[in-house]
Every structure is written in structure tokens, then in C-alpha cells.
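Beneath this line is the structure, given in C-alpha cells, with notes to follow.
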Amino acid sequence: PNAVLEAMAAGCPIVASAVDGITELIVDGVHGWLVPPDDAGALADAIGEALADRAEARRRGDRARQRAAERFSVTATVDAWERVLRAGAR
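Numbering (the numbering used here), first residue to last: 227 to 316.
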């Protein structure tokens, strides 16, 4: 998942298998393309779609960058930990 998160932060559209960890980062059709695990044909098709429609790939990459900044930046992570710690202190 770290490589996917780094790619998201760079604005890259994601083509990945829908496995644990990845599905928490990427919404299929929004931030990239998710395919069933162990389905090489679906992976090839998704890569083909991303290459064939550069405008859509750019949109998904832009949304991936925005999601990474909003949910996984240092500030967002610190804020989330702060909420957890404050809730635990009650």
C-alpha cells in the first residue's frame, strides 16, 4: 500500500488488484482502476483503458492526489491520532 499511496500523492492514476489495503485507499472508477486479484486479463484491460483515455486517467490521478492530501498527509494523520488519543482520555 505504501507504493500506491506514494503514487496517489504524485497524482498518478492507479491500476491495481482489489486486495486488502488497496481497497481502503482507492475507490474503483474514482481514483483509479481496481481489478480482481489474480486476473491478468482484467489487469491488462484496465491498463489499456487508462492508456486509451488519457483525460480520464488524468482526472483519476488528480482525484487520487486530492484524496492522498486530504486523508493521508502528515497533518491529516496527526489530526486523526489526536482525535483517537483525546477519545481514549475520556
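C-beta: ideal position from N, C-alpha, C; glycine also.
| said: Would you call the region 234 to 248 in contact with the region 273 to 289, where contact means no fewer than 3 C-beta pairs closer than 8 Å? | reply: yes
| field | Proximity winner among Leu-260, Val-310, Ala-233, Glu-232, relative to Val-245 (alpha-carbon distances) | value | Leu-260
| said: I need the straight-line Cα distance from Val-300 to Ile-273, nearest angstrom please. | reply: 30 Å
| query | Which word fits Thr-311, buried or exposed, when buried means at least 16 other C-beta atoms lie within 10 angstroms of its C-beta? | reply | The question names Thr, but residue 311 is Leu in the sequence shown. With fewer than 16 Cβ atoms within 10 Å of its Cβ, Leu-311 is classed as exposed.
| task | May I have the straight-line CA-CA distance separating Arg-297 from Gly-267, to the nearest angstrom? | result | 31 Å
| said: For Leu-260, list the residues DSSP reports as bridge partners. | reply: Ala-242
| field | Own chain partners of Ala-302 with C-beta closer than 7 Å, once the 5 adjacent residues on each side are dropped | value | Glu-296
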